[in-house]
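*Asks:* Taken in order, the sequence shown gives residues 452 to 666; the numbers are from this note's numbering.
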Amino acid sequence: MTIHEGPPLFSLHGKLPGGTLDGGGYARLDEEARRRLADDVALFLVELHAIEPAVMREAGAGPVGWWDTEEATLAPVWPLLPEHIRGPAQAAIANYRRLSPDPLGEVYGFFDAHGWNMAFDHGEGRLKGIFDFADSGFGPPHREFVQISLIAPELAARTVEAYQARTGRVLDRGRVFLLTAAMRLSELAGAIETGEHVDGIRGFVLDWFEQRVLR
């Protein structure tokens, strides 16, 4: 690590080889590369979740942050959604608020495994590493698959299956769907408040409610 005094003060770290992975990059992967990627991400999650919680608490890990889905927060979102999306989105938020505690309990996890935090070798079609643990902490296992869906819902679904195969735990796809809906709607509300990236994040909301892979 190299410290630069700035201004502003910042640190520079040696990077893992590879680039980010977005939906377009994922779409270009063949079947074997998609299967391998899902299994590699699942293995990463399985090994994190197996860490003794006391060890991570001693290291300073705390509860993962949650999204703001209060009525007043989401009120500006609804007028931006087409009618065929607005109803399902409002129903999803109502069901999200009624969710019981995660039946799989709580684990130390990453909770930010989107493609901008991945070092992916597009030439080899292989994941080289995952970085940026700033949002890691203690939370429900189902939440791990929320950010993966930003690459592609199909990848999140494949990773769910790979995780189940490695752990024997049964995951609820409906719960993953509701958690992801809450995240995307909350982030759209935040974008509206700041006036930044509204169209792009609105697109993420529309894409989520139009997909059928994770329900």
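Glycine included, each C-beta is placed from N, C-alpha and C at the ideal position.
Using the Cα positions of Ser629 and Arg594, report the straight-line distance between them to the nearest angstrom.
*Replies:* Checking the sequence shown, residue 629 turns out to be Leu, not Ser. Near 10 Å, if we compare the C-alpha coordinates of Arg594 and Leu629.
*Asks:* Determine the direct distance from the alpha carbon of Pro533 to that of Arg585, and round the result to whole angstroms.
*Replies:* Correcting the residue type first, residue 585 is Ala in the shown sequence and not Arg. Looking at the two C-alpha atoms, the distance is approximately 35 Å.
*Asks:* May I have the straight-line CA-CA distance separating Glu557 from Leu639, to the nearest angstrom?
*Replies:* Glu557 and Leu639: Cα-Cα distance of roughly 27 Å.
*Asks:* Please identify the residue among Ile536, Phe596, Asp658, Ala633 whose C-alpha is closest to the C-alpha of Asn546.
*Replies:* Asn546 has its Cα closest to that of Ala633, out of Ile536, Phe596, Asp658, Ala633.
*Asks:* Measuring only the C-alpha atoms, how far is Gln662 from Gly457?
*Replies:* Rounded to whole angstroms, Gln662 to Gly457 spans 45 Å at the Cα level.
*Asks:* Hey, how far is the Cα of Arg479 from the Cα of Glu509?
*Replies:* Those two C-alpha atoms are separated by around 42 Å.
*Asks:* Report all residues from its chain with a CB closer than 8 Å to the CB of Pro527; omit the five preceding and five following residues, and keep chain order.
*Replies:* Closer than 8 Å at the Cβ level, and outside the excluded window around Pro527, lie Ala640, Ile643, Glu644.
*Asks:* Where does the unbroken beta strand (DSSP E) through Asp481 begin, and where does it stop?
*Replies:* It is not in any beta strand (DSSP E) - Asp481 carries neither H nor E in the DSSP assignment.
*Asks:* What's the gap between the Cα of Ala493 and the Cα of Ser462?
*Replies:* Rounded to the nearest angstrom, the two C-alpha atoms are 30 Å apart.
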